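Counting from 1, one number per residue, gives the positions in the sequence shown under full-length UniProt numbering. Structure first, commentary second.
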Amino acid sequence: MFFLSSKILRTLLMVFVIFVFSGCFVLNVFDTGPSINLGKNQWSIASFENDSVVYTPEDYDVVPDLRFDTQELKIYGNTGCNSFSATYSWVKDEKKEKTIEIRDASLTRKLCSEEIMTFEQKLMEEFDGEFAINEDGDNMVLTKEQLTIHLTPYDNTTSPNNQDVSNQ
């Protein structure tokens, strides 16, 4: 029968524990996908196209935005009036390398102006499903069959209600 000394067993156990926990840490905490770090910015929704109609948030009191929480695999955002959230995961298919699947979208139901309600309704009605991700310089584009969302890095010099906070 083969016996290992307690020192060797402790060393092997420590290496095994480090290997297991470092693998979990890298996979779950830093889920940046294939080559895109979704969580690098909070994103403004510059515009989106749904069924060939372009929707642009103009003169909204609150800038429509979204943020990817890469630790929890969730998306949080605001349509200009209501808040929304969803879950996402990377699609495990070599042919769809830069693709996420968005599911379980939910939206608060505050009464807003007709323009904002149309904006959020058209955005959210196609928000679930697989989206190809394309980087365009600092910007990002999410695309699926009938919906294309154009994202720009959120301007940190304005608060969500568009007040200048750069000198504060």
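All C-beta atoms in this analysis are idealised placements derived from N, C-alpha and C, irrespective of residue type, glycine included. None of the values given here were measured: they were computed from a predicted structure.
| Check | Outcome |
| --- | --- |
| Extent of the continuous alpha helix (DSSP H) run through T118 | E114 to M124 |
| For Q42, the residue or residues it bridges with in DSSP | R67 |
| Delimiting residues of the beta strand (DSSP E) encompassing Y55 | V53 to Y55 |
| The beta strand (DSSP E) enclosing Y88, as first and last residue numbers | S83 to W90 |
| Residue range of the unbroken beta strand (DSSP E) whose run includes E130 | G129 to D136 |
| Within 8 Å, strictly: CB atoms of Y55 and F131 | no |
| Cα-Cα separation between S83 and V53, rounded to whole angstroms | 23 Å |
| C-alpha gap between N139 and K98, whole angstroms | 15 Å |
| Buried versus exposed, by CB contacts within 10 Å (16 or more), E126 | buried |
| Outcome for N37 when other beta-carbon atoms lying within 10 angstroms are tallied against a minimum of 16 | exposed |
| Inter-residue Cα distance where the pair is Q146 and I116 | 20 Å |
| Neighbourhood of T79 by C-beta distance below 6 Å, restricted to the same chain and skipping five residues each side | P64 and E120 |
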